[in-house]
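Working notes for the structure below.
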Amino acid sequence: MYTTNNISKPLLLWYKNSKRCLPWRNTKDPYNIWLSETMLQQTQVKTVIPFYNRWIEQFPDFESVARAHLDSLLMIWEGLGYYNRCQNFHKAVKTIVKKYNSYLPVNIEDFKALPG
Numbered sequence: 001m002y003t004t005n006n007i008s009k010p011l012l013l014w015y016k017n018s019k020r021c022l023p024w025r026n027t028k029d030p031y032n033i034w035l036s037e038t039m040l041q042q043t044q045v046k047t048v049i050p051f052y053n054r055w056i057e058q059f060p061d062f063e064s065v066a067r068a069h070l071d072s073l074l075m076i077w078e079g080l081g082y083y084n085r086c087q088n089f090h091k092a093v094k095t096i097v098k099k100y101n102s103y104l105p106v107n108i109e110d111f112k113a114l115p116g
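Using the UniProt record's numbering, the first residue of the sequence shown is number 1, and each one after it goes up by one.
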């Protein structure tokens, strides 16, 4: 039986052998990872993948999202559902670009204060 003390190695081994190839796992860019986390809320991974890829193609960074009209973002998001995620992401990205020079805030309280 596994306990919290001895589960790490088997769990990491399982992940190494069983992990899926997902586009957001090929980056360390906080923008890409945060976008994927936002899209994955209440949505299956297989559904998110094509939306994520299209989004990154059109809007590769915080600045491109901040410059975009919400309607343009919603067109890419269409079919993913829960449109308030897109609206809140857009608001939060605008704040990040303006207030944090296009970097995610490092202070957790600042991050939690972002819209959405």
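Think of the CB as a built atom: it goes at the ideal place given N, C-alpha and C, for glycine as much as any other residue.
Of the residues the options, the one placed nearest residue i, counting alpha carbons only
| i | options | result |
| --- | --- | --- |
| Phe51 | Asp110, Thr4 and Asn32 | Asn32 |
| Val97 | Ser18, Phe62 and Asp71 | Phe62 |
| Arg54 | Ala113, Trp77 and His69 | Trp77 |
| Ile49 | Tyr15, Asn26 and Tyr103 | Asn26 |
| Thr95 | Met39, Ala66 and Thr47 | Ala66 |
| Thr43 | Met75, Tyr83, Leu13 and Arg20 | Tyr83 |
Length of the line joining the Cα atoms of residue i and residue j
| i | j | result |
| --- | --- | --- |
| Asn17 | Pro10 | 11 angstroms |
| Phe111 | Lys91 | 13 angstroms |
| Asp29 | Asn6 | 31 angstroms |
| Asn107 | Leu114 | 11 angstroms |
| Pro60 | Ser72 | 14 angstroms |
| Met1 | Ser64 | 50 angstroms |
Nearest-angstrom Cβ-Cβ length linking residue i and residue j, presumed shorter than 8 angstroms
| i | j | result |
| --- | --- | --- |
| Leu104 | Trp34 | 7 angstroms |
Test item: CB-CB of residue i and residue j under 9 angstroms
| i | j | result |
| --- | --- | --- |
| Gln87 | Leu74 | yes |
| Gly116 | Thr3 | no |
| Ser36 | Leu13 | no |
| Val45 | Arg85 | no |
### Query
What alpha helix (DSSP H) runs, 4 residues minimum, are completely inside the UniProt domain "HhH-GPD" (36–106)?
45–58, 62–67, 70–77 and 83–100
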